[in-house]
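J.: Heads up: the protein sequence lines correspond to chains D and P, in order. The opening residue of the first sequence carries number 1 in my numbering; numbering runs sequentially from there. The opening residue of the second sequence carries number 1 in my numbering; numbering runs sequentially from there. The beta carbon of each residue, even a glycine, is placed where N, CA and C say it ideally should be. Just passing along the structure, written as structure tokens.
Protein chains: 2
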Amino acid sequence: MSLLKQKILHVASDLFHTRGINSTGVDTIVAVAGTTKMTLYKHFTSKEILILEVLRKGHQDFQLWLSEKLSNHSKKPTEKLRKLFDFMEEWVNSPDYQGMAFLKASAEFPEESNAIHRLSAEQSEAFRAYLSLLAKDAGVADHEGLSLQLSLLIEGAMQAEHMRRGSGSIKYAKKAAKILIDDALKS
Amino acid sequence: MSLLKQKILHVASDLFHTRGINSTGVDTIVAVAGTTKMTLYKHFTSKEILILEVLRKGHQDFQLWLSEKLSNHSKKPTEKLRKLFDFMEEWVNSPDYQGMAFLKASAEFPEESNAIHRLSAEQSEAFRAYLSLLAKDAGVADHEGLSLQLSLLIEGAMQAEHMRRGSGSIKYAKKAAKILIDDALKS
DNA sequence: ACATATCTATACCATCCTGTATATTTTTTG
DNA sequence: CAAAAAATATACAGGATGGTATAGATATGT
């Protein structure tokens with residue numbers, strides 16, 4: 001992938017996160033990225049395509065980062081599950097954290113027929129399915145249920161951390177997760 | 001308040017919810033409400049003011065509805081706390097449910113300097129404070145912590161229910177809430 | 001019936017937005 | 001160095017948007 005294309009993707013992701021997707025025009029994106037509209041439209045056939053690629057890259061980066069962190073930490077499934085929220089906290093506090101893009105995207109494009117909305121929903125579901133697998137490996141009977149609960153906590157905490165920074169959302173989400181995981185493991 | 005003004009507020013709230021705020025033009029609002037732009041701008045000096053009033057009304061309606069339901073149900077604080085998620089479920093399934101507006105609004109207007117964003121953050125915090133009061137009355141020591149956790153679950157569930165309808169988010173949020181409340185009450 | 005306030009109808013302006021046309025310059029590659 | 005590819009500069013079309021101007025219609029209360 002061309003350097004410029006990467007730069008555009010990164011700048012767009014940043015602007016979408018700080019100003020919102022609909023409120024960010026392509027003129028702003030190319031200005032910040034230090035290029036022109038012609039080049040942008042040579043790499044992305046439309047703004048919608050650009051948005052979709054930003055979402056895809058963001059989700060991929062996050063999933064890769066998380067699963068690598070988890071497998072580096074331990075081979076034992078229950079250890080992984082227990083360490084999950086520590087890594088989520090690390091992710092939120094990492095310098096170039098740009099939110100969970102699909103959360104905002106689905107809010108800005110609420111119609112189910114919309115391609116951006118559908119991709120967001122898929123990513124949200126994929127993340128939950130990943131959590132479900134973690135829980136299953138750890139021997140949780142109702143791993144589907146637990147994964148849903150954990151994803152609610154995480155998505156809620158992301159949202160809250162964005163709305164009221166420094167509210168300690170992650171910290172309390174972590175405590176809640178511990179209680180839920182303990183409960184799910186013993187039954 | 002004039003009937004037309006109410007109608008405009010209601011239609012705007014509905015359109016904001018189904019199509020998004022930024023994607024809904026004032027032309028569309030007046031067309032659906034069966035009136036004209038002149039009338040709209042006589043009642044609301046700008047689109048931003050309209051958005052703010054929609055948010056205020058939505059939040060007020062919800063808070064009134066919930067606190068009334070809770071006090072009608074029982075006078076005992078612990079009973080109220082335990083019944084909370086049942087009413088949340090009822091709210092989500094009610095015919096004219098239009099989401100928790102402040103969640104989406106804060107996503108569409110992410111800048112902290114923005115008036116809409118600030119109101120959203122205030123409402124989110126007000127809701128959490130209300131939950132904290134419920135928990136405190138029920139004798140929960142760390143009522144601030146529990147209220148934060150419950151609000152994460154609720155906001156996460158609202159978001160999820162909007163993204164993947166019929167995912168059973170509320171049902172599992174309710175189970176999680178029960179576990180967290182039990183844990184908080186016994187310690 | 002008269003005066004006042006509210007609502008409608010319609011046209012319009014200025015601005016912003018996505019996307020394209022055209023021509024020129026820079027970079028890469030053989 | 002020459003040819004091809006990629007990037008720039010700039011201007012502009014076409015449409016949507018928020019908001020206003022003007023003038024007429026309808027309703028309300030006295």
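(1) Are the C-beta of THR18/D and some C-beta of chain P separated by less than 9 Å?
(2) For GLY139/D, which of helix, strand or coil comes out of DSSP?
(3) From TYR97/D to GLY58/D, what distance separates their C-alpha atoms?
(4) ASP61/D CB to nearest chain P CB: under 9 Å?
(5) Which term fits ALA110/D, buried or exposed, when burial requires 16 or more other beta carbons within 10 angstroms of its beta carbon?
(6) Which of the three DSSP states is assigned to ASN72/D in this structure?
(7) When you compare only the Cα positions, how much space is there between ILE116/D and LYS76/P?
(8) Figure out for me which residue from LYS186/P, ALA121/P, LYS175/P has the closest Cα to the Cα of ASP86/P.
(9) Give a yes or no on whether 9 Å exceeds the smallest Cβ distance from HIS73/D to chain P.
(10) Between the segment 99-116 of chain P and chain D, which residues of the former have CB atoms less than 9 Å from a CB of the latter, in chain order?
(11) Compare the Cα-Cα distances from ILE154/D to each of ILE21/D, VAL30/D, SER169/D and report the closest residue.
(12) Put ARG165/P into one of helix, strand or coil per three-state DSSP.
(13) Does the Cβ of THR24/D have 16 or more other Cβ atoms within 10 Å, making it buried, or fewer, making it exposed?
(14) Would you call ARG165/D buried or exposed, if buried means 16 or more other Cβ atoms sit within 10 Å of its Cβ?
(15) Just to confirm, are ILE21/P and GLU108/P a CB contact at a threshold of 9 Å?
(16) Closest by CA to SER2/D, which one among PHE44/D, HIS17/D, LEU15/D?
(17) Could you tell me the distance, in whole angstroms, from the CA atom of MET38/P to the CA atom of VAL26/D?
(18) Between ALA160/D and chain P, is the shortest Cβ-Cβ distance under 9 Å, so that the two count as touching?
(19) Got a sec: is the Cβ-Cβ distance from GLN149/P to anything in chain D below 9 Å?
(20) Determine the closest residue to LEU146/D out of ALA121/D, ILE181/D, SER13/D, with distance taken between C-alpha atoms.
(21) Within the same chain, show all residues whose beta-carbon is closer than 6 Å to that of LEU70/P, passing over the 5 residues directly before and after it, in chain order.
(22) With a 10 Å radius around its C-beta and 16 neighbouring C-beta atoms as the bar for buried, classify ASP183/D as buried or exposed.
(23) Rounding to the nearest angstrom, what Cα-Cα distance links ILE8/P and ASP61/D in this structure?
(24) Assuming VAL198/P contacts LEU40/P under a Cβ cut-off of 8 Å, what Cβ separation, rounded to an integer in Å, is found between them?
(25) Using a Cβ-Cβ cut-off of 8 Å (strictly less than) and excluding sequence neighbours within five positions of SER74/P, which residues of its own chain qualify?
(26) Taking C-beta to C-beta, are ALA105/D and LEU150/D nearer than 9 Å?
(27) Where does the unbroken alpha helix (DSSP H) through PHE102/D begin, and where does it stop?
(28) Using beta-carbon positions only, say whether GLN159/D and GLN159/P come within less than 9 Å of one another.
(29) Identify the contact partners of SER120/D in chain P, using a Cβ-Cβ distance below 9 Å as the criterion.
T.: Reading off the structure:
(1) Stepping through the first sequence from its first residue, residue 18/D is reached at position 18. Output row for THR18/D: interface = yes.
(2) Indexing the first sequence from 1 puts residue 139/D at position 139. The three-state secondary structure of GLY139/D, taken from DSSP, is coil.
(3) Position 97 of the first sequence, counted from the first residue, corresponds to residue 97/D. Position 58 of the first sequence, counted from the first residue, corresponds to residue 58/D. Computed Cα separation, rounded: 10 Å.
(4) As a first step, residue 61/D is located in the first sequence; it is residue number 61 there, counting from the start. No - not a single Cβ of chain P is within 9 Å of the one on ASP61/D.
(5) The sequence position of residue 110/D within the first sequence is 110, counting from 1. Correcting the residue identity first, residue 110/D is Pro in this sequence and not Ala. Buried is the call here.
(6) The residue labelled residue 72/D in the question sits at position 72 within the first sequence. In the three-state reduction of the DSSP assignment, ASN72/D falls in the helix class.
(7) Translated into positions along the first sequence, residue 116/D becomes position 116. Translated into positions along the second sequence, residue 76/P becomes position 76. Rounded to the nearest angstrom, the two C-alpha atoms are 46 Å apart.
(8) Here the question's residue 86/P lines up with position 86 in the second sequence. When only C-alpha atoms are compared, the closest one is LYS175/P.
(9) For this step, residue 73/D is matched to residue 73 along the first sequence. No, HIS73/D lies away from the interface with chain P (no Cβ there is under 9 Å from its Cβ).
(10) Cβ contacts with chain D come from GLY99, PHE102, LEU103, LYS104, ALA105, SER106, ALA107, GLU108, PHE109, PRO110, GLU111, GLU112.
(11) Residue mapping note: residue 154/D aligns to position 154 of the first sequence, counting from 1. That would be SER169/D, whose Cα lies nearest to the Cα of ILE154/D.
(12) As a working note, residue 165/P is residue 165 in the second sequence. ARG165/P falls in the coil class under three-state DSSP.
(13) As a first step, residue 24/D is located in the first sequence; it is residue number 24 there, counting from the start. That one is buried.
(14) Numbered from 1 along the first sequence, position 165 holds the residue referred to as residue 165/D. ARG165/D is exposed by the Cβ-count criterion.
(15) Mapped onto the second sequence, residue 21/P falls at position 21. Mapped onto the second sequence, residue 108/P falls at position 108. Yes, Cβ-Cβ distance for ILE21/P and GLU108/P is below 9 Å.
(16) Against the first sequence, residue 2/D aligns to sequence position 2. The shortest Cα separation from SER2/D among PHE44/D, HIS17/D, LEU15/D belongs to PHE44/D.
(17) Locating residue 38/P in the second sequence gives position 38, where the first residue counts as 1. Locating residue 26/D in the first sequence gives position 26, where the first residue counts as 1. Cα to Cα, the separation comes out at about 32 Å.
(18) The count along the first sequence starts at 1 and reaches residue 160/D at position 160. Answer yes: the Cβ-Cβ gap between ALA160/D and chain P drops below 9 Å somewhere.
(19) Here the question's residue 149/P lines up with position 149 in the second sequence. Interface residue, yes.
(20) For the purposes of this step, residue 146/D is identified with residue 146 of the first sequence, where counting begins at 1. It is ILE181/D whose Cα lies nearest to the Cα of LEU146/D.
(21) The residue labelled residue 70/P in the question sits at position 70 within the second sequence. So the list reads LYS80, once near-sequence residues are dropped.
(22) Taking the first residue of the first sequence as position 1, residue 183/D is located at position 183. Around the beta carbon of ASP183/D, 16 or more other beta carbons sit within 10 angstroms, so the residue counts as buried.
(23) The residue you call residue 8/P lines up with position 8 of the second sequence. The residue you call residue 61/D lines up with position 61 of the first sequence. Distance between the alpha carbons of ILE8/P and ASP61/D is about 43 Å.
(24) Past the edges of chain P, shown from 1 to 187, lies residue 198/P, and the structure says nothing about it.
(25) By one-based count along the second sequence, residue 74/P stands at place 74. Apart from the 5 residues on each side of it in sequence, SER74/P sits with its Cβ closer than 8 Å to the Cβ of LYS80, LYS83 in its chain, given in chain order.
(26) If you number the first sequence from 1, residue 105/D lands on position 105. If you number the first sequence from 1, residue 150/D lands on position 150. No, the Cβ-Cβ distance between ALA105/D and LEU150/D is not below 9 Å.
(27) Residue mapping note: residue 102/D aligns to position 102 of the first sequence, counting from 1. Unbroken alpha helix (DSSP H) run through PHE102/D: 101-108.
(28) Here residue 159/D corresponds to residue number 159 of the first sequence, with the count starting at 1. Here residue 159/P corresponds to residue number 159 of the second sequence, with the count starting at 1. Yes, they are a contact pair.
(29) Stepping through the first sequence from its first residue, residue 120/D is reached at position 120. The contacting residues are MET163.
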